[in-house]
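First comes the structure, then the notes that go with it.
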Amino acid sequence: MSKKRIAVLFGGQSSEHIVSCMSAANVIEQIDTLRYELLLIGITEAGRWLKVESVEDIRSDTWRESQTEAVISPDATEKCVILTEGGKSERVKIDVVFPILHGPYGEDGTVQGLLELAQIPYVGAGVLSSAVSMDKLYTKLVVDSIGIRQAAYVPVLVWRLRQDPDAVIRQIEEKLPYPMFVKPANAGSSRGVSKAEDREALLAGLKEASRHDSKILVEEAIVGHEIECAVLGGGEKPVMSSGVGEILAAAEFYDFDAKYYNEESRTVIGPELPGDSAARVKKAAEQIFNAVDGYGLARVDFFVKEDGEVIFNEINTMPGFTAISMYPMLWEAMGLSKRLLIDKLILLAFERKPR
11 MSKKRIAVLF
21 GGQSSEHIVS
31 CMSAANVIEQ
41 IDTLRYELLL
51 IGITEAGRWL
61 KVESVEDIRS
71 DTWRESQTEA
81 VISPDATEKC
91 VILTEGGKSE
101 RVKIDVVFPI
111 LHGPYGEDGT
121 VQGLLELAQI
131 PYVGAGVLSS
141 AVSMDKLYTK
151 LVVDSIGIRQ
161 AAYVPVLVWR
171 LRQDPDAVIR
181 QIEEKLPYPM
191 FVKPANAGSS
201 RGVSKAEDRE
211 ALLAGLKEAS
221 RHDSKILVEE
231 AIVGHEIECA
241 VLGGGEKPVM
251 SSGVGEILAA
261 AEFYDFDAKY
271 YNEESRTVIG
281 PELPGDSAAR
291 VKKAAEQIFN
301 AVDGYGLARV
311 DFFVKEDGEV
321 IFNEINTMPG
331 FTAISMYPML
341 WEAMGLSKRL
351 LIDKLILLAF
361 ERKPR
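Okay, structure coming up:
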């Protein structure tokens with residue numbers, strides 16, 4: 011049986027570019043090369059698409075020196091990648107795409123839309139689910155509709171902030187007490203997120219978040235366990251949720267540096283939680299995954315308070331696969347190795363029913 015060719019996309023134009031590169035290297039090493047032929051495509055922060063020769067080039071960060079452009083054709087009759095070098099082009103057929111892209115211009119439905127146009131199977135959530143889940147404001151509107159508790163919030167439009175910052179500050183303070191968290195609506199890995207203890211810090215946090223998106227969320231601060239749950243499946247396949255894991259951040263909150271650069275931050279699989287809150291986290295994770303029309307995979311994050319109350323935080327439709335990422339760890343704890351997990355995700359891509 012001939013091998014199917016899988017195109018792996020990584021990098022991208024978001025502030026999570028480096029995390030995507032780290033995730034991609036780990037995923038690529040787990041793809042069964044007896045079944046799949048690899049075509050690696052790195053997207054630079056400027057948005058240039060390049061053919062990459064090996065995982066070693068990703069880990070050494072030399073992949074950006076590639077002289078071969080590699081773009082996916084939107085033509086549904088071709089289902090190919092167009093490789094161009096030295097003015098000469100060739101078309102290489104592909105069977106499936108694994109878009110290991112985090113954040114805007116990759117995890118938000120943009121790349122998924124291209125793949126829908128091209129009618130090429132791909133791993134992960136579809137256009138609608140990717141877009142809704144990437145935008146924290148619209149995620150909240152969906153989750154509100156199914157009655158799951160989440161942090162109280164105030165949405166802020168950046169144009170209003172620039173027009174009348176005092177009015178925006180007053181609106182926030184009327185609804186939320188200090189401390190509070192400030193987040194860009196579209197960002198991941200805690201990029202642009204800050205904790206505001208007072209008005210001065212709130213204004214600074216709003217300005218920082220506005221660098222990442224045109225919409226901002228200001229949320230009540232929740233004190234409790236930071237809990238994550240992995241979800242797998244969709245379509246005709248039953249949706250499964252893993253056990254839960256807890257983030258123990260070596261910082262005031264789990265920001266980007268605490269996630270990826272502070273060695274004292276750690277995760278605990280199967281932490282002791284109050285009452286039946288772990289079971290309620292699992293149930294809520296599956297409900298939210300279905301509510302946003304999830305497919306393939308997602309990591310759903312919660313807070314669990316000391317009295318056992320479960321509060322939804324956010325959903326990630328392409329969670330990290332770095333060495334410290336919770337998503338693969340949670341499935342490994344359930345007996346599903348990284349290699350088998352990646353294989354299941356690729357098979358789910360082929361099983362997705364066309365629109």
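Residues 11 to 365 (the numbering used here) are what the sequence shown spells out, left to right. Glycine included, every Cβ here is placed at the ideal spot set by N, Cα and C.
How about residue i and residue j: do their beta carbons lie closer than 8 Å?
{"i": "Ile141", "j": "Gly306", "result": "Correcting the residue type first, residue 141 is Ala in the shown sequence and not Ile. It is not a contact, given that the beta carbons lie outside the stated cut-off."}
{"i": "Gly285", "j": "Gly318", "result": "yes"}
{"i": "His222", "j": "Gly243", "result": "no"}
{"i": "Ala195", "j": "Leu151", "result": "no"}
{"i": "Ala240", "j": "Arg309", "result": "yes"}
{"i": "Val254", "j": "Glu229", "result": "no"}
{"i": "Lys193", "j": "Leu171", "result": "no"}
{"i": "Ala17", "j": "Ile68", "result": "no"}
{"i": "Leu50", "j": "Ile41", "result": "no"}
{"i": "Ile334", "j": "Val302", "result": "no"}
{"i": "Gln129", "j": "Lys185", "result": "no"}
Restricting to Cα atoms, I'd like to know which of the options is closest to residue i.
{"i": "Gln297", "options": "Asp286, Val249, Thr327", "result": "Val249"}
{"i": "Ala161", "options": "Ala333, Asp311, Arg201, Ser33", "result": "Asp311"}
{"i": "Tyr115", "options": "Ser287, Ala56, Glu79, Gln40", "result": "Ala56"}
{"i": "Lys14", "options": "Arg290, Tyr132, Val254", "result": "Tyr132"}
{"i": "Arg59", "options": "Arg74, Glu66, Asp67, Ile68", "result": "With the sequence shown as reference, residue 59 is identified as Trp, and Arg is not the correct amino acid for it. The candidate whose alpha carbon is nearest that of Trp59 is Arg74."}
{"i": "Thr332", "options": "Ser99, Ser12, Glu256, His112", "result": "His112"}
{"i": "Glu47", "options": "Ala288, Met190, Phe108", "result": "Phe108"}
{"i": "Met3", "options": "Val178, Arg180, Leu212, Trp169", "result": "Since the first residue shown for the chain is 11 and the last is 365, residue 3 is missing from the structure and cannot be characterised."}
{"i": "Glu210", "options": "Ser143, Ser224, Ile179", "result": "Ile179"}
{"i": "Lys217", "options": "Thr149, Val168, Tyr188, Lys185", "result": "Val168"}
{"i": "Val291", "options": "Gly330, Glu236, Met339", "result": "Glu236"}
{"i": "Val153", "options": "Ser12, Glu316, Asn323", "result": "Asn323"}
{"i": "Ala316", "options": "Pro329, Thr149, Ser287", "result": "Sequence inspection shows Glu at residue 316; the Ala mentioned does not correspond to that position. Considering only alpha carbons, the answer is Ser287."}
From residue i to residue j, what distance separates their C-alpha atoms?
{"i": "Ser139", "j": "Gly304", "result": "6 Å"}
{"i": "Tyr163", "j": "Thr87", "result": "46 Å"}
{"i": "Pro84", "j": "Glu342", "result": "36 Å"}
{"i": "Ser220", "j": "Arg45", "result": "45 Å"}
{"i": "Thr94", "j": "Ala80", "result": "7 Å"}
{"i": "Lys247", "j": "Ile92", "result": "33 Å"}
{"i": "Asn36", "j": "Leu19", "result": "13 Å"}
{"i": "Gln23", "j": "Asp208", "result": "33 Å"}
{"i": "Tyr337", "j": "Glu183", "result": "36 Å"}
{"i": "Asn300", "j": "Ile321", "result": "17 Å"}
{"i": "Ala295", "j": "Gln173", "result": "38 Å"}
{"i": "Phe360", "j": "Val106", "result": "7 Å"}
{"i": "Val166", "j": "Glu63", "result": "44 Å"}
{"i": "Lys205", "j": "Val29", "result": "23 Å"}
{"i": "Gly157", "j": "Phe313", "result": "16 Å"}
{"i": "Gly234", "j": "Val278", "result": "15 Å"}
{"i": "Ser251", "j": "Asp118", "result": "22 Å"}
{"i": "Tyr264", "j": "Ile257", "result": "Per-residue confidence for Tyr264 stands at a pLDDT of 47, beneath the threshold of 50, marking its modelled position as unreliable; the derived number appears in the next sentence. Cα-Cα distance, rounded: 8 Å."}
{"i": "Ala260", "j": "Lys103", "result": "Annotation note: pLDDT 48 at Ala260 (below 50); position unreliable, no value reported."}
{"i": "Leu127", "j": "Ser155", "result": "30 Å"}
{"i": "Leu283", "j": "Gly52", "result": "41 Å"}
{"i": "Val137", "j": "Thr327", "result": "11 Å"}
{"i": "Asp176", "j": "Gly215", "result": "14 Å"}
{"i": "Ile232", "j": "Asp145", "result": "20 Å"}
{"i": "Thr43", "j": "Gln122", "result": "24 Å"}
{"i": "Arg362", "j": "Gly245", "result": "7 Å"}
{"i": "Arg349", "j": "Asp71", "result": "24 Å"}
{"i": "Ala289", "j": "Gly345", "result": "19 Å"}
{"i": "Cys31", "j": "Glu66", "result": "11 Å"}
{"i": "Arg159", "j": "Ser99", "result": "53 Å"}
{"i": "Leu357", "j": "Arg276", "result": "31 Å"}
{"i": "Ile352", "j": "Ile110", "result": "12 Å"}
{"i": "Leu124", "j": "Ser76", "result": "23 Å"}
{"i": "Ile82", "j": "Glu26", "result": "22 Å"}
{"i": "Met339", "j": "Lys225", "result": "32 Å"}
{"i": "Ala268", "j": "Ser143", "result": "With a pLDDT of 48 at Ala268, under the threshold of 50, the predicted position of this residue should be treated as unreliable, and no value is reported."}
{"i": "Thr120", "j": "Arg101", "result": "22 Å"}
With DSSP as the reference, please indicate the residues paired to residue i in a beta bridge.
{"i": "Lys193", "result": "Leu227"}
{"i": "Pro175", "result": "None; Pro175 has no bridge partner."}
{"i": "Ile53", "result": "Gly21, Trp59"}
{"i": "Phe108", "result": "Val18"}
{"i": "Thr277", "result": "Ile257"}
{"i": "Glu100", "result": "Leu93"}
{"i": "Ser2", "result": "Only positions 11 to 365 of the chain appear in this structure, which leaves residue 2 out of reach."}
{"i": "Pro165", "result": "Leu227"}
{"i": "Ala80", "result": "Leu93"}
{"i": "Met250", "result": "Leu242"}
{"i": "Lys13", "result": "None, per the DSSP bridge assignment."}
Shorter than 8 Å from the beta carbon of residue i to some beta carbon of chain B?
{"i": "Arg290", "result": "In the displayed structure, chain B is absent; only one protein chain is listed."}
Can you tell me whether residue i sits near the ligand NAP, meaning its C-beta is under 7 Å from at least one heavy atom of the ligand?
{"i": "Ser347", "result": "No copy of the ligand NAP appears in this structure; indeed no ligand is present at all."}
query = What residue ranges within the stretch 111–155 form continuous alpha helix (DSSP H) runs of no fewer than 4 residues, ordered along the chain?
reply = 120–128, 137–144, 146–155
task = Scan the stretch 294–327 and note each continuous alpha helix (DSSP H) run of 4 residues or more that stays entirely inside, going in chain order.
result = none
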